[in-house]
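Numbering of the sequence shown is given in the numbering used here, commencing with residue 1 and proceeding in unit increments. What follows is one structure encoded as structure tokens, with my remarks underneath.
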Amino acid sequence: MPLQAIETRRLYRQIADQLREAIERGEFPAGTRLPPERDLAAQLGVSRPSVREALIALEVEGRVEVRMGSGIYVREPDAAGARAALHEAESPLETIRARQLIEGELAAYAALHMKRAQLTGLREAIALMEDEARHGQVPTGGDRLFHTRIAEASDNSVLLRLVGELFDERRNPLFEQLGNHFENPRSWAIAIAEHRAVLEAIAQQSPHAAREAMALHLANSHERFMASWPAEAPPKAPRRPRSTA
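Structure, rendered in structure tokens:
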């Protein structure tokens with residue numbers, strides 16, 4: 001499979017374009033399995049996270065099918081439209097890293113400036129997350145409220161808007177499909193506990209602890225999306241020769 005060097009701009013889209021073109025040329029007919037993520041990353045000279053986002057993009061387009069514990073299989077293309085919707089989708093993993101840089105500092109600022117009523121608002125946001133999770137819902141309502149209320153403590157409408165817009169990238173098709181694969185009640189329970197750690201650090205008026213707690217939460221969010229790829233079968237153990245004794 002001839003592959004070209006990848007530029008850094010909009011990486012997952014470039015990878016998806018190359019894989020899509022290979023599929024359309026017939027190099028991977030419908031029903032065949034694509035090479036493993038690790039092999040694609042090595043051939044392209046890019047990271048596995050970028051390859052994963054590209055494969056998810058192709059799944060959203062209907063060009064591939066994820067089969068748990070087996071691999072990624074090419075399928076007949078679905079109706080047009082998904083590809084256009086993905087054209088404007090930001091990289092979920094890059095979005096999380098951007099949030100980590102911005103929201104860590106906002107948490108530190110909140111630790112010094114947040115008022116008692118605003119702290120109550122943070123507790124209410126966590127309570128909303130817990131209620132959503134308890135009712136089997138993805139607790140993004142409370143999650144968004146928590147992060148935007150921290151941004152509100154900055155008294156800066158630009159930062160507040162930016163935090164809201166970055167959070168709302170969760171609604172793009174690529175982010176939603178990643179969530180379908182990697183988010184579950186256990187991962188959300190861990191995330192809620194991380195929100196409590198951020199709240200406690202802000203309540204203790206410790207900017208360093210607040211910055212660290214927020215950075216850790218978002219770093220962990222990134223790692224949860226990069227957990228063991230469920231579609232990829234584990235490598236087979238080498239067969240041991242039988243003993244002749």
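For glycine and all other residues, C-beta sits at the position ideal for the given N, C-alpha and C.
Contact check, residue i vs residue j, beta carbons under 8 Å
i: Glu62; j: Arg52; result: Per the sequence presented here, residue 62 reads as Gly, with Glu not at that position. No, they are not a contact pair.
i: Thr120; j: Leu166; result: no
i: Ile15; j: Leu44; result: yes
i: Leu246; j: Phe225; result: Residue 246 lies beyond the stretch modelled for the chain, which goes from 1 to 245, so this question has no answer here.
i: Ala41; j: Arg48; result: yes
i: Arg170; j: Thr140; result: yes
i: Ala117; j: Pro207; result: no
i: Leu145; j: Ala127; result: no
i: Ile202; j: Met129; result: no
i: Leu218; j: Gln100; result: yes
i: Leu58; j: Arg13; result: no
i: Arg211; j: Glu105; result: yes
i: Leu93; j: Leu199; result: no
i: Ala246; j: Phe182; result: Shown here, the chain extends from 1 to 245; a query on residue 246 therefore has no answer.
Residue i burial status per 10 Å Cβ neighbour count (16 or more: buried)
i: Ile56; result: buried
i: Asn172; result: buried
i: Ala215; result: buried
i: Ala50; result: Looking at the sequence shown, residue 50 is not Ala but Ser. Label assigned to Ser50: buried.
i: Ala136; result: The sequence shown places Gly at residue 136, rather than the Ala named in the question. By the 10 Å Cβ count, Gly136 comes out exposed.
i: Asp39; result: exposed
i: Met68; result: exposed
i: Gly81; result: Unreliable placement is indicated for Gly81, whose pLDDT of 47 sits below 50; no coordinate value is reported for it.
i: Ile190; result: exposed
i: Leu112; result: exposed
i: Asp168; result: exposed
i: Asp143; result: buried
i: Ser70; result: exposed
i: Ser157; result: exposed
i: Glu37; result: buried
i: Gln18; result: buried
Whole-number beta carbon distance between residue j and residue i, since they are thought to touch under 8 Å
i: Ala110; j: Ala153; result: 4 Å
i: Gln103; j: Ile150; result: First, the residue type needs correcting, since residue 103 is Glu and not Gln in the sequence shown. Yes, they are in contact, since the Cβ atoms of Glu103 and Ile150 sit about 7 Å apart, within 8 Å.
i: Val64; j: Ile72; result: 5 Å
i: Ala133; j: Pro77; result: That pair is no contact at about 36 Å.
i: Leu174; j: Ala89; result: 5 Å
Beta strand (DSSP E) runs contained entirely in the segment 11-78, provided each spans 3 or more residues: 64-67 and 71-74
Unbroken stretches of the alpha helix (DSSP H), 4 residues or longer, contained in the segment 93-166: 116-134 and 140-152
Ordered list of alpha helix (DSSP H) runs contained in the segment 169-197, each at least 4 residues: As far as the segment 169-197 is concerned, its whole alpha helix (DSSP H) runs of at least 4 residues are 173-182.
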